[in-house]
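Reminder that position 101 of the sequence shown reads as 101 in full-length UniProt numbering, one-by-one numbering, no gaps.
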Amino acid sequence: MTINELINQTGARDSLSRKHHRVYQLYSRTSGKHVQVLGRKILARGEDGDKFGKNISQVVVEADTFGSQVRIRGKETNFYLCMNRKGKLVGRASGRMDECVFVEMVLENNYTAWMSAHYSGWYMGFTKKGRPRRGPQTRANQRDVHFMKRFPPGEQPGPQNCGFTTIGKRGRRTRGNRGPPHTQP
């Protein structure tokens, strides 16, 4: 069994497994701003320090399967980013519909594209002014669909207070490193 067959088998979304949630800012390559889920309206005009609230340009990416299928939810509004049958990006209060599921694709240039799982070949994209583009007008190689996942300011991943323990010559534990050794003149 190849990895592609395994991904296709696990493509069915699972309501019993534990979901993986990650908070990001989705930086649009075209508009130079962050994606915002403002209730039913979706824009890419968010700054790092928005005056309308620090969480307005943050999204929660919910992964519920192995095959990189995700749901994108606005952190402050709790509305899900969805694509309707006309290809328009809209916000919905419930993310249970197939229209709210996207496939995360990491491209050769290290940008991320989000393709609709329900409407294959339609991508989430924005114009230079931050307005959403309709799905049928988008392709994976267009700049309009390229995004960078950025961690919000002050929420970097990994261990925060990482201390190292060194072992001396005789195998004894010593205290963590406190800086370079002092030299006497």
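Cβ atoms here follow ideal geometry from the backbone N, Cα and C, with glycine treated the same way.
(message) So, with DSSP's three-state summary, where would you put residue 137?
(response) helix
(message) Once DSSP output is grouped into helix, strand and coil, what is the label at residue 71?
(response) strand
(message) Could you tell me the alpha carbon to alpha carbon distance between residue 162 and residue 118, rounded to whole angstroms?
(response) Reliability of the predicted coordinates at residue 162 is poor, the pLDDT of 46 falling under 50, and the value obtained from them is presented with this limitation in mind. So the alpha carbons of these two residues sit roughly 43 Å apart.
(request) For residue 45, name the three-state secondary structure that DSSP assigns. (result) strand
(message) On the CB-based measure, 16 or more other CB atoms within 10 Å of its CB, does residue 137 come out buried or exposed?
(response) exposed
(message) In the DSSP output, what is residue 21 paired with across the bridge?
(response) 62
(request) Compare the Cα-Cα distances from residue 61 to each of 46, 47, 82 and report the closest residue. (result) 82
(request) Determine the contact status of residue 116 and residue 130, defining contact as a CB-CB distance below 9 Å. (result) no
(message) Taking a contact to mean a Cβ-Cβ separation below 9 Å, would you say residue 124 touches residue 151 in this structure?
(response) No, they are not a contact pair.
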